[in-house]
Structure formats: C-alpha cells, structure tokens
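Quick note on numbering: the sequence shown equals residues 0 to 216 in numbering that gives the first Met the number 0.
Working notes for the structure below.
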Amino acid sequence: MKFFVDTAEIDAIRELHELGMVDGVTTNPSLIAKSGRDIKEVTKEICDLVDGPVSAETVALDAEGMIAEGRELKKIAENIAIKVPLTWDGLKACKTLSEEGNMVNVTLCFTANQALLAAKAGATFISPFIGRLDDLNLDGMELIADIREIYDNYGFETQILAASIRSANHMSEAAKIGADVATAPPAVIKAMANHVLTDKGLDAFLKDWEKTGQTIL
Ligand code: E4P
0 MKFFVDTAEI DAIRELHELG MVDGVTTNPS LIAKSGRDIK EVTKEICDLV
50 DGPVSAETVA LDAEGMIAEG RELKKIAENI AIKVPLTWDG LKACKTLSEE
100 GNMVNVTLCF TANQALLAAK AGATFISPFI GRLDDLNLDG MELIADIREI
150 YDNYGFETQI LAASIRSANH MSEAAKIGAD VATAPPAVIK AMANHVLTDK
200 GLDAFLKDWE KTGQTIL
C-alpha cells in the first residue's frame, strides 16, 4: 500500500520523506488554510520535494470552473493530481481532465455508487472518507471493502485512496482490505510505530543492561 501524507506542512512532509515513507501528498482547501500559505507557492514546494502525486483541490462548483482551475493547478508541476469533488459537475470535470492526460483524484466519496461513477469517469484516484463516516457511526472501512470488490469485479484501474484516516488501526485495516493508497496526517503515520509493549520491553531491557555495567561504544 502506498502512503500519501495528508498535510500542507513542509517540515512534516520532509521528515517522513527522508525515511522513504512518502509516496505522494494530498492537500485540501482546509489544509491549505491551516498552513497559512499561498496555494501555488506551498504546492510547488511540496512538488519539488516529493516525486509522487501531489493532490491540489479545485474550489469551483461548476464543471467549467473546476476544469479551468484544474488546468491552472496543473501548471504548478508535472506531478500534480487535480482533486475534484464527487458531484455531478465534479464527474464531468474528471472526465475532461482525465482525457487531457491529467491525474485526477475524486474526493469526498461516501458510497460505493459514487466510487463506481468516478471510475467510469476515468478517475486516477477515488478518495473514500473513512473517518467522516465513522464519525456518523457508519462503517468507513466497509466502504473501502465494497469499492475494492466492485473495482476488482470489473478490472477498474482507478486506485482506491483511503482518506480521512484518523488512527493507526485505520492504516492496517485499509492495507488488509487492499486499498491501493492511504493518505494520513503525519501524526497517524508516526503513531503506527507505537506499541505499549515495545516501550515496556525497552524499559526492562535497559534496566537489566544497566546492571551489567557494560557499554557498547
Ligand atoms: C483527503 O484527501 C482529505 O484531505 C482528508 O483525508 C480529509 O480528512 P479529514 O476528514 O480528517 O479532514
């Protein structure tokens, strides 16, 4: 499973990138607002740092506007994936932008039917939002499984990009189901390394080591 980082914070991307953990980046208007930076400037910096797809999201509501914004965002760098919302106009924009040879990430997907439409419209990525479904007491992971089954039934090449990931468990569950990509905030990716028994075991080893009076260096 590929790891995308869901942030517009350059330092956080750089830290994970140095460890080889970054296959791409996703941003959205809220993340750009949180960064306090100009969208083109910060997105360019991210694209210079990361080779893989960097999603930049349109904000128009009509297909024509999304297409114009998508073409403008694509000028930032070759590895831009244009992100459009899963609305009827978003699907129209997806079709046009995909046919022009752009990577298109269709976002805000909450049903298997929406994912089916995005694949038919030529999306490169479909972004089902797990956490936001879980917030409503629905099963976000079940949606990932449904989309996997449907895409595999018909050989759709659209990649399932599990999004709105809130926990390390979400990452392993998405990987078990076979999501192609998962995008998560840096803190969630780092939390994947944690286990209470690792901390406890390390503590015990170090206490025993102290008793030996030895040093390695
Ligand atoms: C994905 O592309 C979105 O930017 C993101 O995963 C949304 O996550 P949230 O629901 O935690 O805001």
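Think of the CB as a built atom: it goes at the ideal place given N, C-alpha and C, for glycine as much as any other residue.
Write down the C-beta distance between residue i and residue j rounded to the nearest angstrom, noting that I regard them as a contact closer than 8 Å.
i	j	result
A92	A114	With a Cβ gap of about 17 Å, A92 and A114 do not count as contacting.
F2	M20	5 Å
N78	P52	6 Å
A167	A181	Contact doesn't hold; Cβ gap of about 11 Å is too wide.
I149	A111	6 Å
L18	I66	That pair is no contact at about 37 Å.
N101	I81	5 Å
Hey, would you say residue i sits closer than 8 Å to residue j, going by beta carbons?
i	j	result
E68	A76	no
G121	E98	yes
L30	T6	yes
T157	T123	yes
Check for me: the alpha helix (DSSP H) holding residue i runs from which residue to which?
i	result
L132	129-134
I12	9-17
Where do the ends of the beta strand (DSSP E) carrying residue i lie?
i	result
P84	79-84
E68	Element bounds for E68: not the beta strand (DSSP E) but the alpha helix (DSSP H), 62-73.
G23	23-25
I31	Element bounds for I31: not the beta strand (DSSP E) but the alpha helix (DSSP H), 28-34.
Rounding to the nearest angstrom, what Cα-Cα distance links residue i and residue j in this structure?
i	j	result
V103	A186	26 Å
S54	D202	41 Å
D138	W208	46 Å
I164	D133	10 Å
I188	E8	14 Å
P35	K73	As written in the sequence, residue 35 is Gly, which differs from the Pro given in the question. Those two C-alpha atoms are separated by around 21 Å.
C46	K199	40 Å
- Kindly confirm or deny that the segment 131-147 and the segment 35-47 touch, where touching means at least three C-beta pairs closer than 8 Å. With a cut-off of 8 Å, the segment 35-47 and the segment 131-147 do not count as touching, because too few Cβ pairs lie within range.
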